[in-house]
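Trainee:
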Amino acid sequence: MLKLKNLYYHPSTAEKPVLKNINLKAFFGSPVMISGASGTGKTSLIEVISGLTKPQKGAIYWNGIKINERQRRWLSGVVFQFPERHFLGLSVAQELHLGHRRLSSEYQIKSLKKVGLSDVNLKEAPEKLSGGQQRRLALAVQLLRDPSILLLDEPTAGLDWSVKNEILELLTSIAKEQILIVVTHEPDLFKDIVMDSYHLYKGELHYKK
Ligand SMILES: Nc1ncnc2c1ncn2[C@@H]1O[C@H](COP(=O)(O)OP(=O)(O)O)[C@@H](O)[C@H]1O
Ligand SMILES: [Mg+2]
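So the sequence shown is numbered by the numbering used here: it starts at 13 and just counts up by one.
1) For the beta strand (DSSP E) containing residue 88, name the first residue and the last one.
2) In whole angstroms, give me the CA-to-CA distance for residue 81 and residue 94.
3) What are the boundary residues of the alpha helix (DSSP H) that includes residue 234?
4) Given this structure, state the Cα-to-Cα distance separating residue 126 from residue 158, to the nearest angstrom.
5) If you measure between the beta carbons of residue 104 and residue 136, is that distance less than 8 angstroms?
6) Taking 7 angstroms as the cut-off, is the beta-carbon of residue 50 closer than that to any non-hydrogen atom of ligand 1?
7) Per DSSP, which one or two residues make a beta bridge with residue 71?
8) Taking its Cβ as the centre, do 16 or more other Cβ atoms sit within 10 Å of residue 145, making it buried, or is it exposed?
9) Kindly identify the DSSP beta-bridge partner or partners of residue 42.
10) With a threshold of 7 angstroms, establish whether the CB of residue 66 neighbours any heavy atom of ligand 2.
11) What does the alpha-carbon distance come out to for the pair residue 102 and residue 220?
12) Does the beta carbon of residue 167 fall short of 7 angstroms from some heavy atom of ligand 1?
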């Protein structure tokens with residue numbers, strides 16, 4: 013179980029605190045949605061949970077034990093918003109290799125299968141894939157490390173409707189294998205696939221159901 017307790021985050025470059033007194037619990041196999049308008053702190057919360065940044069107050073627990081930033085980076089897989097803009101590999105295989113350097117091609121193929129990309133050519137350039145395939149690839153890169161906590165920042169942003177549904181189906185199929193936290197400004201899309209919903213408003217998190 014992941015537990016956030018009284019988190020407070022105020023980067024020195026921000027005028028006001030970005031996250032205030034955040035409390036949240038997330039369990040294996042029970043996907044969590046965090047909704048909120050633009051600028052309310054969703055991406056910052058992902059950065060704090062995944063250990064990319066440090067809150068000024070509060071603590072994060074993993075199965076009852078307090079964990080630091082390094083431990084959180086180790087446990088987490090993050091797919092940021094518009095991941096396809098940040099592909100570095102010249103091919104699908106290279107992109108996967110950047111995700112985990114020591115894994116065999118057999119393992120790469122396994123993670124592509126998990127995201128429904130079995131048929132994709134490993135030599136294909138990532139930018140040649142369709143929008144939905146690119147999102148799947150970004151997810152496969154994170155799944156290579158078998159993260160216990162998977163954090164997705166606006167996974168359906170900028171996709172066509174049919175592709176949004178494709179991604180939703182995929183998330184339903186992988187939701188049981190780790191803690192899954194999805195951050196979105198489109199809560200209606202995800203409401204049927206999540207167990208717990210929170211709403212973030214001006215840096216304050218409220219439990220919805
Ligand atoms: N490191 C930072 N320095 C200054 N301001 C920040 C920093 N991180 C976040 N903010 C501010 O905090 C607010 C929330 O940002 P963000 O987490 O990106 O929200 P969201 O993902 O919901 O759009 C914004 O007003 C943003 O400018
Ligand atoms: Mg954001």
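Glycine is no exception: its CB is placed at the ideal position from the N, C-alpha and C atoms.
Mentor: In this structure, then:
1) 88 to 91
2) Each residue's alpha carbon lies about 24 angstroms from the other.
3) Only positions 13 to 221 of the chain appear in the structure, and residue 234 is not among them; the question remains open.
4) 12 angstroms
5) Yes, the pair counts as a contact, with Cβ atoms nearer than the cut-off.
6) yes
7) Its beta-bridge partners are 17.
8) buried
9) 39
10) no
11) 43 angstroms
12) no
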